[in-house]
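**Student:** Counting in the working numbering, the sequence shown runs from 1432 upward without gaps. Got a structure for you, questions after.
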Amino acid sequence: MHFLVTGHTGFKGAWLTLMLQERGHDVSGIALDPEPGSLFDRARLSGSMAHDIRCDIRDGETTRAAVRDIAPDVVIHMAAQPLVRASYLQPRWTVETNVMGTMSVLEAIAETSSVAAAVMVTTDKVYRNVDRAAGYVEDDALGGHDPYSASKAMADILVSSWTASFPGCPTAVARAGNVIGGGDVSGDRLMPDLIRAFSAGEPASIRYPDAVRPWQHVLDCLDGYLLLVDALLSGGGQGAWNFGPDPESFRTVADAADLAARAWSEGASWQADRGEHPHEAALLTLDATRARTELGWRDALDFQDAVRWTVDWARHVDAGADARAITVDQIRRHGNMRGVPDRVER
Ligand SMILES: NC(=O)c1ccc[n+]([C@@H]2O[C@H](COP(=O)([O-])OP(=O)(O)OC[C@H]3O[C@@H](n4cnc5c(N)ncnc54)[C@H](O)[C@@H]3O)[C@@H](O)[C@H]2O)c1
């Protein structure tokens, strides 16, 4: 099968590209240039892709032409401005990319008859946050205090309106929680911030240590997206789906930072940055019962393993190991835990 991954030069996109290739699929991508030090570059992904296209998805015409040329069987739309703090600095860029970019991809899919299924990725932050401990379910009200959350809620509503108004390609929305894993180079995210500081031998500086997040390893999240693709291709799967970890993985930022520091080595440490910061939700939880019961999805890695695999990846690469080899090794180990056969040779 031929997959188009938008945002393939980003953290989740690079993992998904390698995961799909491990399962024997062809993968194309459209995105902006990778960030310095990205997994995309470190894993030498460009050369292994059917098409590796640089395209700004805010530009509808160019995006539609790119998707038509690629003519994929399945689209997984992940390209986005995905950071809460950056959305306060660049609200227009965030809304244009996340809302109008999603519109471009929806239009492109409608014009490309080869596409048999589409998964549009939003986030757990689409829910109107009422600081409740019980996880949000798919039918809860959407909202968005910060520009990122609002832009993703808008994109989410746009997808459901589009699929109701223009039925055609089977399409689903995937909402995942705080995804961690090796090779994330974003600024202002916990694991990359910790790992950069640990690697430099400095104490990490952490905002909102008491905030609770649904931590999940990137491989579990992506595994859910691919089960959703299977469901869409088999005639089900439409609508919105949460992919969040079991409730024991709803942990504070401080818990995750403590565990990461212990996993890194003696001497790794962090301190709370109690300065003034823009608003971020204090409590974010997600109820993934629908995905568990209807797709048979569940996390293979618990909170401890998700943090340990992330730190292990970074320690090995920091020590000079090949990023592609480490990533593929983790993909295979995870696949074995989930009963996925090793690489399908073509
Ligand atoms: N990482 C998480 O914890 C998390 C959690 C929930 C949802 N998500 C969602 O998952 C998706 C991927 O997130 P990520 O963590 O890999 O982000 P990332 O920043 O690592 O990657 C973003 C990708 O989008 C591309 N992109 C950005 N603006 C673009 C534009 N205007 N035109 C074309 N491409 C553009 C970038 O080039 C990159 O390939 C996003 O939709 C994000 O909102 C991420």
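Glycine included, C-beta positions come from ideal geometry on N, C-alpha and C.
Just to confirm, is the Cβ distance from residue 1498 to residue 1536 under 9 Å?
**Tutor:** Their beta carbons are under 9 Å apart, which means residue 1498 touches residue 1536 by this criterion.
**Student:** Which residue from 1576, 1557 and 1769 puts its Cα closest to that of residue 1587?
**Tutor:** Of the candidates 1576, 1557 and 1769, the one whose C-alpha sits nearest the C-alpha of residue 1587 is 1557.
**Student:** Per the contact definition of three or more C-beta pairs closer than 8 Å, is the segment 1747-1762 in contact with the segment 1699-1710?
**Tutor:** Touching, no, given that fewer than three Cβ pairs across the two stretches are closer than 8 Å.
**Student:** Rounded to the nearest angstrom, what separates residue 1541 and residue 1630 at their Cα positions?
**Tutor:** Going by the C-alpha atoms only, they are around 46 Å apart.
**Student:** Run through the segment 1605-1634 for me and flag every whole beta strand (DSSP E) of 3 or more residues, listed as ranges in chain order.
**Tutor:** Here the runs fully enclosed are 1609-1611.
**Student:** Does ligand 1 have even one heavy atom less than 8 Å from the beta-carbon of residue 1466?
**Tutor:** For ligand 1, at least one heavy atom lies less than 8 Å from the Cβ of residue 1466.
**Student:** Residue range of the beta strand (DSSP E) that residue 1726 falls in?
**Tutor:** Element bounds for residue 1726: n/a, residue is neither H nor E.
**Student:** Return yes when the C-beta of residue 1611 is under 8 Å from any heavy atom of ligand 2, and no when it is not.
**Tutor:** Ligand 2 is not part of this structure, which contains only ligand 1.
**Student:** Can you say whether residue 1661 is buried or exposed, counting buried as having 16 or more other CB atoms within 10 angstroms of its CB?
**Tutor:** Per the 10 Å Cβ criterion, exposed.
**Student:** Can you look up residue 1776 in the DSSP assignment and give me helix, strand or coil?
**Tutor:** Because residue 1776 carries a pLDDT of 48, less than 50, the predicted location of this residue cannot be relied on, and the following value inherits that uncertainty. Coil, per DSSP.
**Student:** Of the choices 1524, 1691, 1741 and 1739, whose alpha-carbon is the least far from that of residue 1487?
**Tutor:** When only C-alpha atoms are compared, the closest one is 1524.
**Student:** Considering only heavy atoms of ligand 1, does any lie closer than 8 Å to the CB of residue 1514?
**Tutor:** Checking the Cβ of residue 1514 against ligand 1 gives yes.
**Student:** Could you have a look at residue 1597 and say whether DSSP puts it in helix, strand or coil?
**Tutor:** Residue 1597 falls in the coil class under three-state DSSP.
**Student:** So does the segment 1674-1685 actually touch the segment 1642-1658, counting three or more Cβ pairs closer than 8 Å?
**Tutor:** The segment 1674-1685, when compared against the segment 1642-1658, does touch it at the 8 Å Cβ threshold.
**Student:** Compare the beta carbon distance of residue 1843 and residue 1601 with 9 Å and say whether it is the shorter of the two.
**Tutor:** Past the boundaries of the shown model lies residue 1843; the chain is included only from 1432 to 1777, so the question cannot be answered.
**Student:** Indicate whether the contact test is met: 3 or more Cβ pairs, each with one atom in the segment 1559-1567 and one in the segment 1507-1517, closer than 8 Å.
**Tutor:** These segments do not touch.
**Student:** Kindly indicate the opening and closing residues of the alpha helix (DSSP H) around residue 1761.
**Tutor:** Unbroken alpha helix (DSSP H) run through residue 1761: 1754-1769.
**Student:** Terminal residues of the continuous alpha helix (DSSP H) containing residue 1491?
**Tutor:** Where residue 1491 is concerned, the enclosing alpha helix (DSSP H) stretches over 1491-1501.
**Student:** How big is the Cα-Cα spacing for residue 1719 and residue 1580?
**Tutor:** Each residue's alpha carbon lies about 19 Å from the other.
**Student:** In this structure, how does DSSP classify residue 1675 when only helix, strand and coil are distinguished?
**Tutor:** Note: residue 1675 maps to coil in three-state DSSP.
**Student:** Can you find a heavy atom of ligand 1 that lies under 8 Å from the Cβ of residue 1602?
**Tutor:** No, Cβ of residue 1602 sits at least 8 Å from all heavy atoms of ligand 1.
**Student:** What is the DSSP secondary structure of residue 1483, reduced to helix, strand or coil?
**Tutor:** Residue 1483: strand per DSSP, three-state reduction.
**Student:** Determine the DSSP secondary structure at residue 1551, reduced to helix, strand or coil.
**Tutor:** DSSP places residue 1551 in strand when its eight states are reduced to three.
**Student:** Could you give the residue range of the beta strand (DSSP E) that holds residue 1518?
**Tutor:** Careful: residue 1518 lies outside any beta strand (DSSP E), inside the alpha helix (DSSP H) at 1515-1520.
**Student:** Considering only residues of the same chain and omitting the five flanking positions on each side of residue 1698, which have a CB-CB separation below 8 Å?
**Tutor:** Cβ neighbours of residue 1698 beyond the five flanking positions: 1632.
**Student:** Can residue 1461 be considered in contact with ligand 1, in the sense that its beta carbon sits closer than 8 Å to one or more heavy atoms?
**Tutor:** Because some heavy atom of ligand 1 lies under 8 Å away, the Cβ of residue 1461 counts as near it: yes.
**Student:** In terms of residue numbering, what span does the alpha helix (DSSP H) encompassing residue 1735 cover?
**Tutor:** Start and end: 1734-1749.
**Student:** For residue 1460, which residues does DSSP report across the bridge?
**Tutor:** Its beta-bridge partners are 1436 and 1483.
**Student:** Which residues in the same chain have their Cβ closer than 8 Å to the Cβ of residue 1830, if we skip the five residues on either side of it in sequence?
**Tutor:** Residue 1830 is absent from the model: the chain starts at 1432 and stops at 1777.
**Student:** Using a Cβ-based criterion (distance less than 8 Å to any ligand heavy atom), does residue 1580 qualify as near ligand 1?
**Tutor:** For ligand 1, not one heavy atom lies less than 8 Å from the Cβ of residue 1580.
**Student:** For residue 1746 and residue 1628, I'd like the C-alpha separation in whole angstroms.
**Tutor:** Going from the Cα of residue 1746 to the Cα of residue 1628 covers about 12 Å.
**Student:** Between residue 1777 and residue 1452, what straight-line distance do the alpha-carbon atoms span, to the nearest angstrom?
**Tutor:** With a pLDDT of only 40 at residue 1777, under 50, the local geometry of the prediction cannot be trusted, and no value is derived from it.
**Student:** Candidates 1771, 1626, 1636 and 1700: which alpha carbon is nearest residue 1750's?
**Tutor:** Checking every option, the nearest Cα to that of residue 1750 belongs to 1626.
**Student:** Below 8 Å, can you find three or more Cβ-Cβ pairs linking the segment 1494-1508 to the segment 1468-1477?
**Tutor:** No, the segment 1494-1508 does not touch the segment 1468-1477.
**Student:** Using only CA atoms, which one of 1516, 1519 and 1603 lies nearest to residue 1548?
**Tutor:** Of the candidates 1516, 1519 and 1603, the one whose C-alpha sits nearest the C-alpha of residue 1548 is 1603.
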